[in-house]
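The structure appears right after this line, and notes come after that.
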Amino acid sequence: KMVSKSKSADELLCLKFNQDYSCFTVGTDCGFRIFNSYPLRYCFRRDFPGGFGIVELLYRTNIVALVGGGKSPRYPPNKVIIWDDHQMRPTGELCFRTEVKGVRLKRQGIAVVLENKVYVYTLAELKLRDHIQTVANPKGLCAVCSEPDKWVLACPDKEKGCIKVQLYDEDRSVQVQSHDSSIVCLELNSSGTLLASASDKGTVIKVFSTNDGSCLQELRRGIDRAEIYCVAFHPTDPWIAVSSDKGTIHIFSLEPEKNPRSALKFMRAVFPDYFDSQWSFAQFRVRDAKTICAFPREPNTLTVLNSEGNYYLASFNPESGGDCVKLEQEQIVELTMS
69 KMVSKSKSAD
79 ELLCLKFNQD
89 YSCFTVGTDC
99 GFRIFNSYPL
109 RYCFRRDFPG
119 GFGIVELLYR
129 TNIVALVGGG
139 KSPRYPPNKV
149 IIWDDHQMRP
159 TGELCFRTEV
169 KGVRLKRQGI
179 AVVLENKVYV
189 YTLAELKLRD
199 HIQTVANPKG
209 LCAVCSEPDK
219 WVLACPDKEK
229 GCIKVQLYDE
239 DRSVQVQSHD
249 SSIVCLELNS
259 SGTLLASASD
269 KGTVIKVFST
279 NDGSCLQELR
289 RGIDRAEIYC
299 VAFHPTDPWI
309 AVSSDKGTIH
319 IFSLEPEKNP
329 RSALKFMRAV
339 FPDYFDSQWS
349 FAQFRVRDAK
359 TICAFPREPN
369 TLTVLNSEGN
379 YYLASFNPES
389 GGDCVKLEQE
399 QIVELTMS
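Numbering-wise (our numbering), the sequence shown opens with residue 69 and increments by one.
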């Protein structure tokens, strides 16, 4: 069902999945809400006089990292508040000279992304563990692996188009030469062994090994330039989903032989990059709005959230691919209005 926003609907400032995609958070101009991803279920809301631009949930725990946002932020945008929902109060805070662009949580630590730096702290004592200089990073790009006993972080490096991977368990870092132009999206798989990235051209998504930085696959979203919003690895199966401003979410297989390639093989000598690329295995089309996507635990399904507050659940055929089948559509803001 589709429900139009009423005048009393809150303004959405943030939509974000947690580390393992089991929940997602909604930041509004008057608080935040937590939902179960699949099956879709409203969990709870916390109302405040002020908005939240970042709401980062630690797995399915009571710990949430909050950053103020919107026209009237609840907290200054240069502060990260550690909120304990059992105690219903802040239990810690980190303050910076400039605006916080992103936050990533792990049990081992918290990564705070500023325009040109990433600071990494222990979560328990909030002690500084690492700081990484980056190229200008207005989107707050940073990824951490979701497996609880692994500690891998990826963020832009100092040079445009390069990514730094910190393998904290091995106490070493790897530089990945990913794109010629600026990176707009990056993500790690659950174990931190794979890194996916997209540039501001938005035509190709590259998959790298974090062990040595080698490029394993080039996945072609399309021919024309696009803004990539989200790249998501399946937690256990060899799938990766990509959303963009073109309104189509592409699902690729990490088993290269499953992805179709161009039928015009004779053109490969002229345009090798284009005709050697792998095209998407399955597609799901939604209305043109900013979208993020994830794979829930249910096999062969995709969860999609968009900036208008719509939730979609779709299924894809793991053998033949093609168009996804829409199973559900809900207006998530309306679920908490009553």
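Don't be surprised by glycine CBs; every beta carbon is placed ideally from N, CA and C. None of the values given here were measured: they were computed from a predicted structure.
DSSP places Gly95 inside the beta strand (DSSP E), whose first and last residues are Cys91 to Thr96.
With a contact defined as Cβ atoms closer than 8 Å, Gln346 and Arg365 miss out at about 26 Å. By the neighbour-count definition (other C-beta atoms within 10 Å, threshold 16), His199 is an exposed residue.
Below 8 Å, enough C-beta pairs join the stretch 173 to 189 and the stretch 197 to 214 to call them touching: three or more. For Cys210, no beta strand (DSSP E) segment is defined, and its DSSP state is neither H nor E. By the CB criterion at 7 Å, Lys228 and Val252 fall outside the cutoff.
Between Asp268 and Gln243, the gap from beta carbon to beta carbon reaches 7 Å or more. Pairing Ser277 with His318, the inter-Cα distance amounts to about 21 Å. With contacts defined by Cβ atoms closer than 7 Å, Val186 and Val168 do not form a contacting pair. With a cutoff of 7 Å on beta-carbon distance, Ala350 and Cys298 are scored as not near each other.
For Ser311, the uninterrupted beta strand (DSSP E) segment begins and ends at Trp307 to Ser312. Spatial neighbours of Asn130 in its own chain (CB-CB distance under 7 Å, excluding positions within 5 residues in sequence) are listed in chain order as Asp152, Asp153 and His154. Rounded to whole angstroms, Gly138 and Pro324 show a C-alpha spacing of 42 Å. In the three-state scheme derived from DSSP, where H, G and I count as helix and E and B as strand, Lys326 is classed as helix. A straight line joining the alpha-carbon of Tyr379 with that of Leu373 spans about 5 Å.
In this chain, the beta strand (DSSP E) harbouring Lys394 covers Val393 to Gln399.
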